[in-house]
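Chains as they are written, first to last, in our numbering: chain E, 40 to 264; chain D, 39 to 480.
Here's what the structure looks like:
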């Protein structure tokens, strides 16, 4: 993927850029807001990562300007402020996702992965399929190997998020946000509990496990590799 | 904020009170004046009667009894028989002269209705006295005096009514103007209380006492705004200055761990994460206390929030060997607030209960409807001793026995900050046995 990184803290920028490069992405690094805006509008990127506090032009204004110019590039906002208001402000300005420093690289990588849209235009699917697991989004029904599996509403949403991000890492934080609309880190193992219950329903009665735990990162749903 | 109508406002009442006092004074003074006028007019009338009496009396001296008749006739011609009533009678009361039918009048002054002395209208005032061996009564119609009295009465009544109406009108106008300026105060202060620190009281060019007060309050608000913004700036600076190195620390430790797993490094990374969490929680509490989210308040249903938390945590509770139930009313309970913050508050309380209670405990999430709705979490565990309940909400406070368990002790202080932002109170109660933490909205 072609990734645009606009971050003025050199160490953080190096770390992110190197990490992403190791994963096989092509990363363009900039450390000034105005330069960043210029590049973002001129070139085509799969994902843009923008820090909120930038010299030249601050991140929030950059995003607004970018959207106003018609760019639809998926955009991840980075910030050190992490204020209760900031996330909503960032999303309202046009960012697609938001990450507060400090973050683990795994978290960043997972979110970047989730943001990328490959293939570029995806028709709205009504059925998600991984191996013999089938989810009918219209009828809200899940089947594996032909058997209907009874899921509670939140379990359904949890499975849906995992299936939509098939093969990619979904972090605990991402699940907390997308399944339960919780934007803080609970102390107890909420996600673990729900994932293990989901596993009990869709993995344990069958031969192949589809839900995998990725150490220190999160979870990933895919056929065994 | 409560709004007071114009009719009950101080400027209106003061204006009306002043007006009424003025009216009463005016009324009292005018009544005195009226008394004086009427008395004087009466006195003049009486002098006249007395003078007429004197004329007849002196005639008796000069021309004797027989001249009296002529004198009386002359008098009657002069005054008019309608206006004047004269009676000359002897000791036994037999009428000798005058234009009155027989009547017996006492000596001195007396008022009689016209009907008592022949078919006359109005009232008459008589003076009766001896003239030689005879008795003379001289009277004049008192109508003029009566007329004066009635006219002044009527004039006073009209004046009183008019003054009262003018007083109310002026009270309304004057009171209204002052009230309008008071409303400026109320409106601005309400805006500031709701979070708009830029609101200011408008100042007129008159530079009167209210303007001076406005300027004073505006200056105070300027200071308040500067202080809050300064605090927010400090928070932002701290956040940036602390978070960037924290971030780098996390990244470096993660990178090192990826190259070569090491239990020491893992422990270090765990500590770094805990540091980050504590810092985030502190920052969040500070921001909530500064009222950061008030303008994003929406209409919410407490029952829905409670149910949501229960769905999320039921599994966690079961895994910990506890039961999580709900105690909810059938109908939605509406409040205005921030869904995320209230959810987080309930989550904190539930997590506290799960963490601090032994297996077998039942934790309940509840909502109480009513004029002061409440959101509560109760358990039947060990509870908190009464003495410590007050201190528990201060930052970092841990009960002695829970010092070894996880968590930074910020959970309850966040709940308190969220409650205060919503204008609600946090109450810690004995659930007999166990602890109930209740967020009561006003």
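Think of the CB as a built atom: it goes at the ideal place given N, C-alpha and C, for glycine as much as any other residue. Note that the structure is a prediction, hence the values are computed from the model and not measured.
Residue i at chain D interface by Cβ criterion, 7 Å
i: residue 222 of chain E; result: yes
i: residue 229 of chain E; result: yes
i: residue 137 of chain E; result: no
i: residue 119 of chain E; result: yes
i: residue 196 of chain E; result: no
i: residue 131 of chain E; result: no
i: residue 50 of chain E; result: yes
i: residue 165 of chain E; result: no
i: residue 68 of chain E; result: no
i: residue 46 of chain E; result: no
i: residue 232 of chain E; result: yes
i: residue 141 of chain E; result: yes
i: residue 193 of chain E; result: yes
i: residue 236 of chain E; result: yes
C-beta neighbour in chain E for residue i, strict 7 Å
i: residue 320 of chain D; result: no
i: residue 350 of chain D; result: yes
i: residue 292 of chain D; result: yes
i: residue 277 of chain D; result: yes
i: residue 390 of chain D; result: no
i: residue 382 of chain D; result: yes
i: residue 442 of chain D; result: Because the pLDDT of residue 442 of chain D is 44, which lies under 50, any placement of that residue in the model is unreliable, and the question is left without a value.
i: residue 458 of chain D; result: no
i: residue 364 of chain D; result: no
i: residue 354 of chain D; result: yes
i: residue 374 of chain D; result: no
i: residue 289 of chain D; result: yes
Nearest-angstrom Cα separation, counted from residue j out to residue i
i: residue 172 of chain E; j: residue 163 of chain E; result: 19 Å
i: residue 114 of chain E; j: residue 375 of chain D; result: 30 Å
i: residue 441 of chain D; j: residue 54 of chain E; result: The predicted position of residue 441 of chain D is uncertain, since its pLDDT is 47 and thus under 50; a value taken from the coordinates is nonetheless stated next. Distance between the alpha carbons of residue 441 of chain D and residue 54 of chain E is about 37 Å.
i: residue 297 of chain D; j: residue 253 of chain E; result: 16 Å
i: residue 256 of chain D; j: residue 273 of chain D; result: 25 Å
i: residue 160 of chain E; j: residue 334 of chain D; result: Note that residue 160 of chain E has pLDDT 46, beneath the 50 cutoff, so the model's placement of it is unreliable and the number below is only indicative. In a straight line, the C-alpha of residue 160 of chain E is about 34 Å away from that of residue 334 of chain D.
i: residue 150 of chain D; j: residue 159 of chain D; result: 11 Å
i: residue 128 of chain E; j: residue 54 of chain D; result: 53 Å
i: residue 143 of chain E; j: residue 216 of chain E; result: 17 Å
i: residue 41 of chain E; j: residue 66 of chain E; result: 6 Å
i: residue 246 of chain D; j: residue 253 of chain D; result: 11 Å
i: residue 78 of chain D; j: residue 68 of chain D; result: 15 Å
i: residue 260 of chain E; j: residue 238 of chain E; result: 11 Å
i: residue 72 of chain D; j: residue 85 of chain D; result: 20 Å
i: residue 397 of chain D; j: residue 131 of chain E; result: 44 Å
i: residue 121 of chain D; j: residue 169 of chain D; result: 22 Å
i: residue 205 of chain E; j: residue 251 of chain E; result: 11 Å
i: residue 290 of chain D; j: residue 51 of chain E; result: 10 Å
i: residue 239 of chain D; j: residue 44 of chain D; result: 20 Å
i: residue 92 of chain D; j: residue 66 of chain D; result: 38 Å
Supposed close pair residue i, residue j - CB separation, criterion 8 Å
i: residue 456 of chain D; j: residue 415 of chain D; result: That pair is no contact at about 13 Å.
i: residue 216 of chain D; j: residue 76 of chain D; result: At roughly 42 Å, the Cβ-Cβ gap does not stay under 8 Å, so residue 216 of chain D and residue 76 of chain D are not in contact.
i: residue 106 of chain E; j: residue 222 of chain E; result: Their Cβ separation, rounded to whole angstroms, is 22 Å, which puts residue 106 of chain E and residue 222 of chain E out of contact at 8 Å.
i: residue 295 of chain D; j: residue 304 of chain D; result: 6 Å
i: residue 83 of chain D; j: residue 163 of chain D; result: 7 Å
Distance CB(residue i)-CB(residue j) smaller than 7 Å
i: residue 380 of chain D; j: residue 343 of chain D; result: yes
i: residue 233 of chain E; j: residue 353 of chain D; result: yes
i: residue 93 of chain E; j: residue 117 of chain E; result: no
i: residue 349 of chain D; j: residue 370 of chain D; result: no
i: residue 156 of chain D; j: residue 144 of chain D; result: no
i: residue 362 of chain D; j: residue 401 of chain D; result: yes
i: residue 124 of chain D; j: residue 136 of chain D; result: yes
i: residue 324 of chain D; j: residue 288 of chain D; result: no
i: residue 282 of chain D; j: residue 220 of chain E; result: no
i: residue 475 of chain D; j: residue 466 of chain D; result: yes
i: residue 102 of chain E; j: residue 45 of chain E; result: no
i: residue 181 of chain E; j: residue 257 of chain E; result: no
i: residue 87 of chain E; j: residue 154 of chain E; result: no
i: residue 180 of chain D; j: residue 193 of chain D; result: no
i: residue 202 of chain E; j: residue 151 of chain E; result: no
i: residue 421 of chain D; j: residue 359 of chain D; result: no
i: residue 64 of chain D; j: residue 209 of chain D; result: no
i: residue 285 of chain D; j: residue 141 of chain E; result: yes
In chain order, what residues of the stretch 143-157 of chain E put their CB closer than 9 Å to some CB of chain D?
143, 144 and 145
Chain-ordered residues of the stretch 205-218 of chain E with a beta carbon less than 7 Å from chain D:
none
Please name the residues in the stretch 242-264 of chain E whose beta-carbon is closer than 9 Å to at least one beta-carbon of chain D, in chain order.
255
Using a beta-carbon distance cut-off of less than 7 Å, what residues from the stretch 85-108 of chain E approach chain D?
92
Note down, in chain order, all residues in the stretch 411-428 of chain D with a beta-carbon under 8 Å from any beta-carbon belonging to chain E.
none
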